[in-house]
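Q:
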Ligand SMILES: NC(=O)c1ccc[n+]([C@@H]2O[C@H](COP(=O)([O-])OP(=O)(O)OC[C@H]3O[C@@H](n4cnc5c(N)ncnc54)[C@H](OP(=O)(O)O)[C@@H]3O)[C@@H](O)[C@H]2O)c1
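Right, here's the structure in full:
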């Protein structure tokens with residue numbers, strides 16, 4: 013279809029299946045941007061664990077390098093200096109091309125950037141019309157890294173919002189395209205929607221062709237409803 017960014021995680025338990033898909037696809041490995049994550053509980057974030065888990069992920073995926081490796085959550089044994097020293101060593105050894113973090117806040121992002129020798133490449137965080145994350149987006153612009161928006165459709169709930177439905181009708185397009193186009197209209201932001209049908213996959217990819225006008229973007233920015241879908245003990249926003 014044209015998708016080239018694959019977002020997986022050790023914690024999702026699907027790295028082997030993703031690896032099989034990559035092997036069977038006609039697309040060469042170097043054209044795929046493959047991201048995975050090390051989880052504090054199912055993986056472990058001490059220096060040694062990061063090295064072991066990265067190796068185990070690459071084995072399950074059947075690849076000899078990762079385009080992006082994330083710290084999945086800054087909890088458990090996460091300790092910026094120790095954990096990220098292992099990420100730096102993986103970059104130094106050519107096994108990981110870029111370092112990312114997920115579910116951080118501004119202070120943890122600051123600390124991570126100071127601890128890392130490699131540039132911080134991406135912050136993956138929940139972002140959709142009900143959780144617009146304007147402070148985190150501003151931080152990404154200031155420090156020149158990418159925000160990877162997860163749950164960008166608010167798990168489908170944003171598609172029923174009247175503002176999004178109205179804009180979709182006016183542009184004769186789908187609410188999902190409107191929602192994703194709004195997410196990626198912001199500087200430094202990319203989106204990783206999940207979809208399980210061919211129709212949804214095609215719909216979401218076509219969002220890149222939709223250009224919203226300034227009024228559309230402003231009216232979605234003005235939605236006041238707030239909802240967060242992903243929570244865990246020790247999350248930095250709690
Ligand atoms: N870093 C983290 O801690 C973290 C946490 C959560 C998620 N994530 C990542 O973010 C990805 C997406 O997040 P998510 O699954 O939570 O939420 P999402 O992408 O906002 O929503 C997925 C839901 O939207 C539906 N959908 C997708 N495309 C649609 C379309 N064009 N029209 C109508 N409905 C559509 C899907 O239905 P169908 O299945 O029927 O297509 C599914 O029910 C995950 O796969 C994962 O890679 C990361």
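Numbering (our numbering), first residue to last: 13 to 250. Glycine included, C-beta positions come from ideal geometry on N, C-alpha and C. Small disclaimer: the values here were computed from a predicted structure and weren't measured.
Buried or exposed: which applies to residue 189, given that a residue is buried once 16 or more other Cβ atoms fall within 10 Å of its Cβ?
A: buried
Q: Do residue 130 and residue 92 come within 7 Å of each other at the CB atom, strictly closer than that value?
A: no
Q: Between the Cα of residue 104 and those of 39, 114, 63 and 158, spot the shortest distance and give me the residue it belongs to.
A: 63
Q: Distance, Cα to Cα, residue 182 vs residue 127?
A: 48 Å
Q: At what residue ranges does the stretch 78-162 contain a whole run of the beta strand (DSSP E), taking only runs of 3 or more?
A: 80-83, 111-114, 132-138 and 158-162
Q: Which class does residue 204 belong to by DSSP, given the choice of helix, strand or coil?
A: coil
Q: Work out the CA separation of residue 233 and residue 77 for me, nearest whole Å.
A: 38 Å
Q: Heavy atom of ligand 1 less than 6 Å from the Cβ of residue 26, yes or no?
A: No, Cβ of residue 26 sits at least 6 Å from all heavy atoms of ligand 1.
Q: Are there 16 or more other CB atoms within 10 angstroms of the CB of residue 193, so buried, or fewer, so exposed?
A: It is buried - the Cβ of residue 193 has at least 16 other Cβ atoms within 10 Å.
Q: Is residue 162 near ligand 1 - that is, is its Cβ less than 6 Å away from at least one heavy atom of it?
A: yes
Q: Put residue 50 into one of helix, strand or coil per three-state DSSP.
A: Strand, per DSSP.
Q: For a test of your reading of the model: does the CB of residue 193 fall under 6 Å from any non-hydrogen atom of ligand 1? Yes or no.
A: Not one heavy atom of ligand 1 falls within 6 Å of the beta-carbon of residue 193.
Q: So residue 215 is in the alpha helix (DSSP H); what residue range does that whole segment cover?
A: 210-218
Q: Relative to the alpha-carbon of residue 60, which residue among 48, 79 and 102 has its alpha-carbon at the smallest distance?
A: 102
Q: Could you tell me how far apart the beta carbons of residue 29 and residue 51 are, in whole angstroms, since I believe they sit closer than 8 Å?
A: Not really, about 17 Å apart at Cβ, beyond 8 Å.
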